[in-house]
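Everything below concerns the one structure shown next.
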Amino acid sequence: MKLNFKKVGEGKPLVILHGLFGSADNWFSIAKELEKNYTLYLVDQRNHGDSPHSNVWDYDVMVEDLKELLDQEGLGKVYLMGHSMGGKTAMNFAVTYPERVEKLIVADIAPRYYPVHHQVILKGLNSLQLQNISSRKEADDELAKTIKEPSIRQFLLKSLGRDSAGFSWKINLPVITQNIENVGVALEEGQIYKGPTLFLAGANSDYIRQKDLPGILEFFPEYELEFIANAGHWLHAEQPLAVVEAIRRFIN
Numbered sequence: 003m004k005l006n007f008k009k010v011g012e013g014k015p016l017v018i019l020h021g022l023f024g025s026a027d028n029w030f031s032i033a034k035e036l037e038k039n040y041t042l043y044l045v046d047q048r049n050h051g052d053s054p055h056s057n058v059w060d061y062d063v064m065v066e067d068l069k070e071l072l073d074q075e076g077l078g079k080v081y082l083m084g085h086s087m088g089g090k091t092a093m094n095f096a097v098t099y100p101e102r103v104e105k106l107i108v109a110d111i112a113p114r115y116y117p118v119h120h121q122v123i124l125k126g127l128n129s130l131q132l133q134n135i136s137s138r139k140e141a142d143d144e145l146a147k148t149i150k151e152p153s154i155r156q157f158l159l160k161s162l163g164r165d166s167a168g169f170s171w172k173i174n175l176p177v178i179t180q181n182i183e184n185v186g187v188a189l190e191e192g193q194i195y196k197g198p199t200l201f202l203a204g205a206n207s208d209y210i211r212q213k214d215l216p217g218i219l220e221f222f223p224e225y226e227l228e229f230i231a232n233a234g235h236w237l238h239a240e241q242p243l244a245v246v247e248a249i250r251r252f253i254n
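According to my numbering, the sequence shown is numbered sequentially starting from 3.
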């Protein structure tokens, strides 16, 4: 699948993958800080952003989507970063094609299994009757009946597109809803990426815990872990400058 992506900057290639319900646009503020040093590829994964939709949606195909993008752009080894679901894609890519990854950065996700915990968000998104919505304010008001946090609603509504026919989701909501279990699957045992790996964790997040460290070591023996202070799961939105500095330190 040919993925949509934004390419900015100059220098060695740094590929960034967004998380569930996100898009390449989520990383523009990070890219602005890094574009003088790196050529950034901000990627929309399948069923997200402006990339194509498909009924097949798991990490096997997302890994192959990424390989196709690197091949099409003539990229050999890249710096690869992913957040949450994008981090799982990046980890799976690194253990499958280690020769294509110079260094790996994983933002607030571990290689273990995560149980489904997006039921409230999916309920809210699926409850929106888009044919009856005439403004983003109306969409936000409707979502607020299910999703109380304004910041989460704002993030989700970035995936709400509009054209002459009205509003529609950029995300493939039916397929994501049906296959949501696929997001939390663990990496397959026995796979190893021996290159330098940085795990960035939000200090206020519980996605990476102390008991996850032996599992991380099993797959990524050359890993280091850095906590971003005053940040939860969306660490790049909450503490962008700290994330930028961590990326720079690790790559350099």
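Glycine residues also receive a C-beta, built at the ideal position from the N, C-alpha and C atoms.
Cα-Cα separation between residue 217 and residue 248, rounded to whole angstroms: The residue you call residue 217 lines up with position 215 of the sequence shown. The residue you call residue 248 lines up with position 246 of the sequence shown. The alpha-carbon separation between residue 217 and residue 248 amounts to approximately 22 Å.
Taking all protein chains shown into account, decide if residue 212 is buried (16 or more other Cβ within 10 angstroms of its Cβ) or exposed. By one-based count along the sequence shown, residue 212 stands at place 210. So residue 212 counts as exposed.
Starting from residue 7 and walking both ways along the beta strand (DSSP E), at which residues does that stretch end? In the sequence shown, residue 7 corresponds to position 5, counting from 1. Boundaries of the beta strand (DSSP E) harbouring residue 7: 7-11, taken from the DSSP string.
What residue range is occupied by the uninterrupted alpha helix (DSSP H) comprising residue 170? As a first step, residue 170 must be located in the sequence shown, where it is residue number 168. Segment 168-171 is the beta strand (DSSP E) holding residue 170; no alpha helix (DSSP H) there.
Thinking C-beta only, is residue 51 closer than 7 Å to residue 6? Translated into positions along the sequence shown, residue 6 becomes position 4. Translated into positions along the sequence shown, residue 51 becomes position 49. Residue 6 places its beta carbon less than 7 Å from that of residue 51.
In whole angstroms, give me the CA-to-CA distance for residue 141 and residue 132. Indexing the sequence shown from 1 puts residue 141 at position 139. Indexing the sequence shown from 1 puts residue 132 at position 130. Their Cα atoms are separated by approximately 8 Å.
Leaving out the 5 sequence neighbours to the left and right, which residues in its chain are closer than 8 Å to residue 46 when beta-carbon positions are compared? Reading the sequence shown from its first residue, position 44 is the one you call residue 46. Counting only Cβ-Cβ distances below 8 Å, and skipping sequence neighbours, we find 5, 6, 7, 20, 25, 26, 52 and 53.
C-beta atoms of residue 49 and residue 174 nearer than 7 Å: Counted from its first residue, the sequence shown places residue 49 at position 47. Counted from its first residue, the sequence shown places residue 174 at position 172. Yes, the Cβ-Cβ distance between residue 49 and residue 174 is below 7 Å.
What is the DSSP secondary structure of residue 67, counted as helix, strand or coil? To locate residue 67, count along the sequence shown from 1; it is residue 65. Helix at residue 67.
Paired residues, beta bridge with residue 103 - DSSP: Here residue 103 is taken as the residue at index 101 of the sequence shown, counted from 1. Bridge partners of residue 103: 80.
Could you tell me the alpha carbon to alpha carbon distance between residue 252 and residue 225, rounded to whole angstroms? Numbered from its first residue, the sequence shown carries residue 252 at position 250. Numbered from its first residue, the sequence shown carries residue 225 at position 223. Residue 252 and residue 225: Cα-Cα distance of roughly 11 Å.
Are the CB atoms of residue 42 and residue 82 within a distance shorter than 7 Å? The residue labelled residue 82 in the question sits at position 80 within the sequence shown. The residue labelled residue 42 in the question sits at position 40 within the sequence shown. No Cβ-Cβ contact shorter than 7 Å links residue 82 with residue 42.
Cutoff 7 Å; reference residue 222; Cβ partners in own chain excluding five residues on either side: Residue numbering aside, residue 222 sits at position 220 when the sequence shown is read from its first letter. So the qualifying residues of the chain are 195 and 199.
Residue 100 to residue 232, Cα distance in whole Å? Within the sequence shown, the letter at position 98 stands for residue 100. Within the sequence shown, the letter at position 230 stands for residue 232. The straight-line gap from Cα to Cα measures roughly 33 Å.
Should the stretch 58-71 be called in touch with the stretch 178-194, which here means at least 3 C-beta pairs below 8 Å? Yes, since at least three Cβ pairs between the stretch 58-71 and the stretch 178-194 fall closer than 8 Å, the two stretches touch.
Note down, in chain order, each residue of its chain lying with its Cβ closer than 7 Å to the Cβ of residue 114, except the 5 sequence neighbours on either side. Numbered from its first residue, the sequence shown carries residue 114 at position 112. Excluding sequence neighbours, residue 114 sits near 188, 214 and 217.
Residue 238 and residue 209 - do their beta-carbons sit closer together than 7 Å? As a working mapping, residue 209 is identified with position 207 in the sequence shown. As a working mapping, residue 238 is identified with position 236 in the sequence shown. No. Outside cutoff.
Less than 7 Å between C-beta atoms, sequence neighbours within five positions excluded: which residues of the same chain meet that for residue 185? Taking the first residue of the sequence shown as 1, we reach residue 185 at position 183. Only residues of its own chain outside the window of five on either side were considered, and among them 22 and 87 have a CB closer than 7 Å to the CB of residue 185, listed in chain order.
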